[in-house]
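Engineer: Each residue of the sequence shown is one higher than the one before, starting from 131 at the first, in my numbering.
This structure is in structure tokens; I'll ask about it shortly.
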Amino acid sequence: DWSRIGDILRDIRNHVDTHVEKNSSNNNTKHIVLFAARDNANEDEKKELILSGLDSVISYELGSIGKDNKICHLTEGNVAGCIHEILTELVQFHAANNISAFWEFGNPQLSRIASRVKSQQQAELLTMLQLFLPGTNSIYYGDEIGMVDLPIKKLVPVQRGAMQWDDSVNAGFSSAESSAIPVHPNFTNNNWARQYGSERSHLKTFQRIARLRKIDETLIAGGIIIGQLINSSFTVIRYPNNGNTSTGDIYLGAFNFGKGDTTLPIRESNIMENKELHQAMIIASSSNTEQYYYRQVIDLKNDTVTVSPEQGVIFKFIF
């Protein structure tokens, strides 16, 4: 009975807001965020939940991303088409209704991202994309290092294997002789400590973007434009949301899920009109990139950026 649930949400919102008002000083006003998930909710149902008192509704649609499944058709060969379509629709919905986004690719009920897309490299691209989007992110443990499903479902669902901290016994998750939670056999090659100690890794890419979005106003609350899909590749532009692009940073992410090099245009919106593009600085790239590195300055005189197969790069424009 969603009508009744709506009434309950309004009561909760009123109770929470009253509590905050009574316990906040004039100089320290707080806002407690309420969010929830409703699988298969359409746009009107999401809006009704927001009107009932929620701040955000988790974008369950991203959990359907998976190679060769019912959403990402076999003929595509990768997840570029479906992720591009879903993100474009969700971004338009959030902007049109002034609703804060809440992004989630993985959770305890879903097969892990790397297993769903059948590629460690493309899982890393999705991690980059998620952290590059405006709004709130929910990250399922282990996805920051590209963990995959357990090979067999025994004691727990395959997506709930022990966190792979290091290459010690039980992947550092437990000191017991035999862990009650199974450990994936690839933990010696894929674990947090190994990736943290590497110059380039899925984890290092995750950390670099996560740190930047904590302090950069454009990434925190700026606008977003998703470019056209070209050969399983597309761009994402993040720009200041104050209407004055001369006072904030503009970023562009380029993501290639395909099997060949793709050259993408970087002037796909009026945000870039009347701007002389000379150079850009790389602020993050997927761990498998060879032509790009952190803080590298690249020439943009051709108004394009070329990305190799299953690689991604994010850079900041220098005007």
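No residue lacks a Cβ here, since even glycine has one placed at the ideal position from N, Cα and C.
Hey, could you find the ends of the alpha helix (DSSP H) Gln289 is sitting in?
Structural biologist: No alpha helix (DSSP H) contains Gln289, which DSSP labels as neither H nor E.
Engineer: Specify whether the stretch 332–341 and the stretch 299–317 touch according to this definition: at least 3 beta carbon pairs, one from each stretch, less than 8 Å apart.
Structural biologist: no
Engineer: Just to confirm, are Val435 and Ser415 a CB contact at a threshold of 8 Å?
Structural biologist: With respect to the 8 Å criterion, Val435 and Ser415 are not classified as neighbours on the basis of their beta carbons.
Engineer: From Arg425, Gln409, Glu440 and Leu181, pick the residue whose C-alpha is nearest to that of Asp433; which is it?
Structural biologist: Gln409
Engineer: Which same chain residues, not among the five before or five after Phe165, have their C-beta less than 8 Å away from its C-beta?
Structural biologist: Same-chain partners within the cutoff: Leu184, Asp185, Ser186, Val187, Ile188, Phe232 and Thr266.
Engineer: Measuring alpha carbon to alpha carbon, tell me which of Ile180, Cys202 and Thr257 ends up nearest Ile229.
Structural biologist: Ile180
Engineer: Hey, quick one: how far does the alpha helix (DSSP H) through Glu254 stretch, first residue to last?
Structural biologist: It spans Gln250 to Phe262 - the alpha helix (DSSP H) in which Glu254 sits, taken as one unbroken run.
Engineer: I'd like the ranges of any alpha helix (DSSP H) spanning at least 4 consecutive residues and lying wholly in the stretch 271–350.
Structural biologist: 322–326 and 332–345
Engineer: Going straight from the alpha carbon of Leu280 to that of Thr148, what length do you get?
Structural biologist: Distance between the alpha carbons of Leu280 and Thr148: 46 Å.
Engineer: Which residue from Tyr381, Arg341, Gly276 and Ile243 puts its Cα closest to that of Gly353?
Structural biologist: Of the candidates Tyr381, Arg341, Gly276 and Ile243, the one whose C-alpha sits nearest the C-alpha of Gly353 is Tyr381.
Engineer: DSSP has Arg368 in a bridge; who is on the other side?
Structural biologist: Ile354 and Tyr381
Engineer: What is the rounded straight-line gap between the Cα of Gln426 and the Cα of Leu407?
Structural biologist: Put simply, the backbone Cα of Gln426 is about 16 Å away from that of Leu407.
Engineer: Quick one: what's got a C-beta closer than 6 Å to Tyr270's C-beta in the same chain, skipping five residues either side?
Structural biologist: Gly236 and Asn237
Engineer: Please list the terminal residues of the continuous alpha helix (DSSP H) segment that includes Phe223.
Structural biologist: Start and end: Ala210 to Asn227.
Engineer: Is there contact between the stretch 245–257 and the stretch 201–216, where contact requires at least three CB pairs shorter than 8 Å?
Structural biologist: yes
Engineer: May I ask you to list the residues that DSSP assigns as paired with Phe447?
Structural biologist: According to DSSP, Phe447 bridges with Ala410.
Engineer: What's the C-alpha gap between Asn372 and Glu307?
Structural biologist: 57 Å
Engineer: For Asn453, write down the residues that DSSP places opposite it in a beta bridge.
Structural biologist: What is shown of the chain runs 131 to 449, which leaves residue 453 out entirely.
Engineer: Is Ala231 helix, strand or coil by DSSP?
Structural biologist: In the structure shown, Ala231 sits in coil (DSSP, three-state: anything other than H, G, I, E or B).
Engineer: Check this for me: beta carbons of Gly378 and Val366, under 8 Å apart or not?
Structural biologist: no
Engineer: Looking at the structure shown, is Asn400 part of a helix, part of a strand, or coil, going by DSSP?
Structural biologist: helix
Engineer: Around the C-beta of Arg246, are 16 or more other C-beta atoms found within 10 angstroms, so that it is buried, or is it exposed?
Structural biologist: Under this definition Arg246 is a buried residue.
Engineer: Can you tell me the Cα-Cα spacing of Ser328 and Thr318, whole angstroms?
Structural biologist: When rounded, the distance between both Cα atoms is 14 Å.
Engineer: Who does Pro238 pair with in a DSSP beta bridge?
Structural biologist: Paired residues: none, contrary to the question.
Engineer: Looking at the secondary structure, which residues open and close the alpha helix (DSSP H) in which Ser71 lies?
Structural biologist: No answer is possible for residue 71: the residues shown for the chain start at 131 and end at 449.
Engineer: Report the rounded CA-to-CA distance for His145 versus Ile243, giving the unit in angstroms.
Structural biologist: 37 Å
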